[in-house]
Amino acid sequence: MKKKIYLFCDAGMSTSIMVNKMMEVVQAHQMPLEITAFPVARAQEVVEQEKPIAILLGPQVRFLLEKVRTQFSPQNIPVAAISPEIYGMMDGEGALKEALKLIKKNKQ
Numbered sequence: 229m230k231k232k233i234y235l236f237c238d239a240g241m242s243t244s245i246m247v248n249k250m251m252e253v254v255q256a257h258q259m260p261l262e263i264t265a266f267p268v269a270r271a272q273e274v275v276e277q278e279k280p281i282a283i284l285l286g287p288q289v290r291f292l293l294e295k296v297r298t299q300f301s302p303q304n305i306p307v308a309a310i311s312p313e314i315y316g317m318m319d320g321e322g323a324l325k326e327a328l329k330l331i332k333k334n335k336q
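Here this note's numbering is used: the first residue of the sequence shown is 229, the next is one more, and so on.
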């Protein structure tokens, strides 16, 4: 069973490139993860359908970080914003490492 990480951004365009970069790393390391991008407007709907183990926000919607954290903290889903440097370089490995750190911290 693959665990899900969701990326939310404004419209989902550049974030889908980031998802592809992250999935290249996931596949190279044969990790049981599935990463998907959605517009932030659909956050509630997609999280209700299938609860992810982490949510990452693209820099375009970073201002929504506290709102999204508050929204999903009752479900114990950790939320973070991808650092602008990692996002700007489309560093899939860096973004994946941020997600894994977030998940690990949430388990403690």
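C-beta atoms are modelled at their ideal positions from N, C-alpha and C, and glycine is treated no differently. In this text, all values refer to a predicted model and were calculated from it rather than measured experimentally.
Rounded to whole angstroms, what is the Cα-Cα separation between residue i and residue j?
i, j, result
"Leu-337", "Pro-306", "Since the first residue shown for the chain is 229 and the last is 336, residue 337 is missing from the structure and cannot be characterised."
"Glu-276", "Met-317", "31 Å"
"Pro-280", "Ser-244", "17 Å"
"Lys-295", "Glu-273", "15 Å"
"Lys-232", "Glu-262", "5 Å"
With residue i as the anchor, note down where its alpha helix (DSSP H) starts and where it stops.
i, result
"Ala-323", "320 to 335"
"Pro-312", "312 to 316"
"Leu-293", "293 to 300"
With 16 as the cutoff for other CB atoms within 10 Å, does residue i come out buried or exposed?
i, result
"Lys-230", "exposed"
"Lys-335", "exposed"
"Phe-291", "exposed"
"Met-241", "exposed"
"Glu-278", "exposed"
Using alpha carbons as the reference points, say which of the options lies closest to residue i.
i, options, result
"Gly-286", "Ala-323, Thr-298 and Lys-333", "Ala-323"
Ignoring anything shorter than 4 residues, give me the alpha helix (DSSP H) runs that lie fully in the stretch 231 to 256, in order along the chain. 241 to 256
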